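Adding 85 to a residue's 1-based position in the sequence shown gives its number in the numbering used here. C-beta atoms are modelled at their ideal positions from N, C-alpha and C, and glycine is treated no differently. In this text, all values refer to a predicted model and were calculated from it rather than measured experimentally.
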Amino acid sequence: MSTLTELSALEAADRLRSGEITSEDLTAACLARIEALDGELNAFLHVDAEGALETARDVDRRRAAGESLHPLAGVPIALKDNMVARGMPTTCASKILGNWKPPYDATVVTRIRQARLPILGKTNMDEFAMGSSTEHSAFGPTRNPWDTSRIPGGSGGGSAAAVAAGLVPLALGSDTGGSIRQPGAVTGTVGVKPTYGAVSRYGLIAMASSLDQIGPVTRTVADAAALGELIGGHDPHDSTSLDEPVPDLEAAVAQGAKADLAGVRIGVVKQLQGEGYQKDVLEAFNATVEALRGAGADVITVDCPNFDYALSAYYLIMPAEVSSNLARFDGMRYGIRVEPDEGPVTAERVMAATRGAGFGDEVKRRIILGTHVLSAGYFDAYYGSALRVRTLVQRDFAAAFEQCDLLVSPTAPTTAFPFGSQVDDPLAMYMNDLATIPANLAGVPAMSVPCGISARDGMPVGFQILAPAREDAAMYRLAGAVEALLGVKECPMLKEKN
86 MSTLTELSAL
96 EAADRLRSGE
106 ITSEDLTAAC
116 LARIEALDGE
126 LNAFLHVDAE
136 GALETARDVD
146 RRRAAGESLH
156 PLAGVPIALK
166 DNMVARGMPT
176 TCASKILGNW
186 KPPYDATVVT
196 RIRQARLPIL
206 GKTNMDEFAM
216 GSSTEHSAFG
226 PTRNPWDTSR
236 IPGGSGGGSA
246 AAVAAGLVPL
256 ALGSDTGGSI
266 RQPGAVTGTV
276 GVKPTYGAVS
286 RYGLIAMASS
296 LDQIGPVTRT
306 VADAAALGEL
316 IGGHDPHDST
326 SLDEPVPDLE
336 AAVAQGAKAD
346 LAGVRIGVVK
356 QLQGEGYQKD
366 VLEAFNATVE
376 ALRGAGADVI
386 TVDCPNFDYA
396 LSAYYLIMPA
406 EVSSNLARFD
416 GMRYGIRVEP
426 DEGPVTAERV
436 MAATRGAGFG
446 DEVKRRIILG
456 THVLSAGYFD
466 AYYGSALRVR
476 TLVQRDFAAA
486 FEQCDLLVSP
496 TAPTTAFPFG
506 SQVDDPLAMY
516 MNDLATIPAN
526 LAGVPAMSVP
536 CGISARDGMP
546 VGFQILAPAR
556 EDAAMYRLAG
566 AVEALLGVKE
576 CPMLKEKN
């Protein structure tokens with residue numbers, strides 16, 4: 086029988102409801118595993134053992150009293166450290182926020198608390214979600230549990246590593262250009278970016294507001310569906326929130342698990358493969374496409390010519406929004422305050438000293454770039470042009486979805502790379518988001534599902550599924566089919582120290 090930390094979230098939920106296990110025992114097992122393994126992985130920045138156990142005991146008391154509870158009540162969860170949670174430090178993995186504790190909860194955190202999931206703590210990330218390797222955290226990198234000499238992806242490497250290694254069955258991440266999906270691909274986890282607006286961003290510390298989206302990080306597609314239903318839905322606190330019912334994602338996964346894809350039209354994106362993609366990544370991707378074809382899907386190649394410019398457009402739009410959003414971290418409103426060593430203490434000099442000491446190199450690089458592209462004389466040439474490319478990318482999606490129901494591609498062009506191999510080469514690091522960025526520019530849902538193990542380095546490979554906006558259920562259905570056809574790719578560390 087599987088140990089408690091090897092259980093999927095839904096398996097654990099079933100055993101909790103049947104009385105076979107208690108939430109306190111499950112939560113304690115996760116905390117013990119964090120204690121045993123996180124010194125090596127560095128997936129967590131803060132662990133709230135007392136708060137998690139208090140919630141777990143409350144769930145057990147309520148269940149014993151016969152109270153009706155949410156299906157996931159008592160199943161532990163972790164939060165990426167850019168989501169505010171009352172009483173817990175929220176740092177965005179940056180020195181500039183210090184030990185700041187927010188006075189309120191993000192909407193997703195409110196929904197998690199209402200459903201009574203024990204929150205184990207906050208996970209590591211690239212500083213302010215800027216990176217593809219979690220090497221840009223001010224508190225040290227997170228390590229990939231498949232091979233601790235390699236990166237776990239980014240910016241949400243902490244959540245992905247924690248789930249892959251069995252430290253926690255559920256986690257939340259945020260995805261601005263692939264920060265849930267790319268870590269999912271390189272750690273063998275399921276990572277979902279919902280339709281823009283399907284999950285509230287209220288209480289998510291913004292990186293790029295028109296691109297950011299919160300989503301699930303899990304080991305199975307069904308777990309992702311259950312968590313997606315919990316956190317989704319309209320929020321009046323978020324002006325971009327969709328005022329629509331949450332689709333039945335779990336039913337979509339169950340339907341997909343039958344692996345009957347007759348009549349489903351799948352488009353392979355021509356631009357998201359080929360040059361720059363590892364041979365073993367493409368082999369795993371093509372084998373998955375053939376498995377879908379064998380299950381009855383109609384597969385065609387789709388041409389999206391403006392996807393070639395998506396990466397360039399993203400790295401103009403995103404830094405511009407970063408420059409605006411991070412202006413509030415000035416030494417006077419949030420976090421640390423650093424005064425100049427010499428001379429008068431003016432607001433301008435305090436801001437310069439604080440931001441110089443508090444921000445890391447990658448954050449500074451993107452703020453400078455964003456400020457430049459928004460400046461007089463450059464706005465139209467750079468930012469304005471990028472916005473026009475964004476429209477063209479959206480039109481490519483619209484045209485593609487007239488030909489097919491769903492699009493597919495590799496999630497990342499490579500498997501997890503060794504630490505240090507790209508950290509000093511920003512352009513090489515940015516290329517890791519090559520396949521994931523178009524979905525954020527268009528606001529469409531996208532998901533990474535494990536699809537194989539590289540014969541070259543033994544690392545997992547991710548398969549990306551993209552659907553039209555508001556068609557998240559169709560994406561989950563296909564993901565359920567992929568998982569049913571290929572099985573769940575479990576990290577070897579999942580069975581260690583149990």
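Expected contact under 8 Å - CB spacing of residue i and residue j to nearest Å
| i | j | result |
| --- | --- | --- |
| Thr219 | Pro230 | The pair is not a contact, with the Cβ atoms about 13 Å apart (cut-off 8 Å). |
| Ala94 | Cys576 | Between Cys576 and Ala94 the Cβ distance is about 16 Å, and since that is not below 8 Å, they are no contact. |
| Gly276 | Gly282 | About 19 Å separates the two Cβ atoms, so there is no contact after all. |
| Leu401 | Val458 | 5 Å |
| Gly313 | Pro301 | 5 Å |
| Ala214 | Ser244 | Incorrect: roughly 12 Å between the Cβ atoms, too far for contact. |
| Ala158 | Leu202 | 7 Å |
| Gly273 | Pro545 | 3 Å |
| Arg378 | Val573 | That pair is no contact at about 22 Å. |
| Tyr561 | Leu396 | Rounded, the Cβ-Cβ distance is 27 Å, inconsistent with contact. |
| Glu568 | Val306 | 5 Å |
Neighbour-count burial assignment, residue i, 16 or more Cβ in a 10 Å radius
| i | result |
| --- | --- |
| Asp518 | buried |
| Asn167 | buried |
| Met86 | The predicted model places Met86 with a pLDDT of 43, which falls under 50 and marks its position as unreliable; any figure quoted below should be read in that light. Classification for Met86: exposed. |
| Met210 | buried |
| Asp328 | exposed |
| Ile453 | exposed |
| Ala587 | The first residue shown for the chain is 86 and the last is 583, placing residue 587 beyond what the model contains. |
| Leu101 | buried |
| Asn371 | exposed |
| Arg286 | buried |
| Gly104 | exposed |
| Glu375 | exposed |
| Val430 | exposed |
| Glu447 | buried |
| Phe392 | buried |
| Ser259 | buried |
| Gly225 | exposed |
| Tyr189 | exposed |
Delimiting residues of the beta strand (DSSP E) encompassing residue i
| i | result |
| --- | --- |
| Cys115 | That residue, Cys115, is in no beta strand (DSSP E); its alpha helix (DSSP H) goes 108-126. |
| Val353 | 350-354 |
| Val387 | 383-387 |
| Phe548 | 545-551 |
| Ala163 | 162-165 |
Bridge-paired residues (DSSP) for residue i
| i | result |
| --- | --- |
| Pro242 | Position check: residue 242 holds Gly in this sequence, whereas Pro was assumed. DSSP output for Gly242 lists no bridge partner at all. |
| Lys580 | According to DSSP, which records beta bridges pairwise, Lys580 is partnered with nothing at all. |
| Lys278 | Ala531 |
| Ser259 | Ile299 |
| Phe129 | Thr208 |
| Arg235 | Pro503 |
| Gly537 | Val546 |
| Pro495 | Phe548 |
| Met168 | Leu289 |
| Gly317 | Val284 |
Bounding residues of the alpha helix (DSSP H) (the contiguous stretch that carries residue i)
| i | result |
| --- | --- |
| Met560 | 557-571 |
| Val144 | 134-149 |
| Ile522 | 522-527 |
| Ser103 | 94-103 |
| Ser408 | 395-410 |
| Gly379 | 364-379 |
| Ala483 | 470-488 |
| Leu157 | Note, Leu157: premise wrong, no alpha helix (DSSP H); not H, not E. |
| Leu512 | 511-515 |
| Leu182 | That residue, Leu182, is in no alpha helix (DSSP H); it is neither H nor E in DSSP. |
| Leu459 | 446-459 |
| Ser441 | Sequence inspection shows Gly at residue 441; the Ser mentioned does not correspond to that position. Run containing Gly441: 432-443, per the alpha helix (DSSP H) assignment. |
| Gly269 | 266-272 |
| Val194 | 192-200 |
| Gly341 | 334-341 |
Exercise for the section: Check whether the region 135-154 touches the region 186-206, taking contact to mean three or more Cβ pairs, one atom from each stretch, closer than 8 Å. Expected result: As far as the Cβ criterion goes, the region 135-154 touches the region 186-206, which means the pair count is three or higher.
Exercise for the section: Pair every Cβ in the region 380-391 with every Cβ in the region 427-435, then say whether three or more of these pairs are closer than 8 Å. Expected result: Between the region 380-391 and the region 427-435, the count of Cβ pairs shorter than 8 Å is below three; the stretches do not touch.
Practice task
Say whether the region 326-338 touches the region 296-303, bearing in mind that this needs 3 or more beta-carbon pairs closer than 8 Å, one atom from each stretch.
Solution key: The answer is no - the region 296-303 does not touch the region 326-338, with fewer than three Cβ pairs under 8 Å.
Handout entry: the region 208-219 contacting the region 470-489, beta-carbon criterion three pairs below 8 Å
Key = Here the region 208-219 makes no contact with the region 470-489; the two share fewer than three CB pairs at distances below 8 Å.
Handout entry: Touching by the beta-carbon criterion (3+ pairs, under 8 Å), the region 339-346 and the region 503-512
Key = No, because fewer than three Cβ pairs between the region 339-346 and the region 503-512 fall closer than 8 Å, the two stretches do not touch.
Exercise for the section: For the region 120-129 and the region 169-177, state whether three or more C-beta atom pairs, one from each stretch, are separated by less than 8 Å. Expected result: Fewer than three beta-carbon pairs drawn from the region 120-129 and the region 169-177 are found closer than 8 Å, and the two stretches are therefore not classed as touching.
Problem - Touch test, the region 146-159 against the region 178-185, Cβ-Cβ under 8 Å, three pairs minimum - result: The region 146-159, when compared against the region 178-185, does not touch it at the 8 Å Cβ threshold.
Practice task
Answer yes if the region 247-265 comes into contact with the region 90-106, meaning at least three C-beta pairs across the two stretches below 8 Å, and no otherwise.
Solution key: As far as the Cβ criterion goes, the region 90-106 touches the region 247-265, which means the pair count is three or higher.
Exercise for the section: Decide yes or no for the touch test of the region 493-509 against the region 409-423: beta carbon pairs closer than 8 Å, at least 3 of them. Expected result: Touching, no.
Exercise for the section: Would you check if there are 3 or more beta carbon pairs closer than 8 Å linking the region 259-266 to the region 522-541? Expected result: The answer is yes - the region 522-541 touches the region 259-266, with three or more Cβ pairs under 8 Å.
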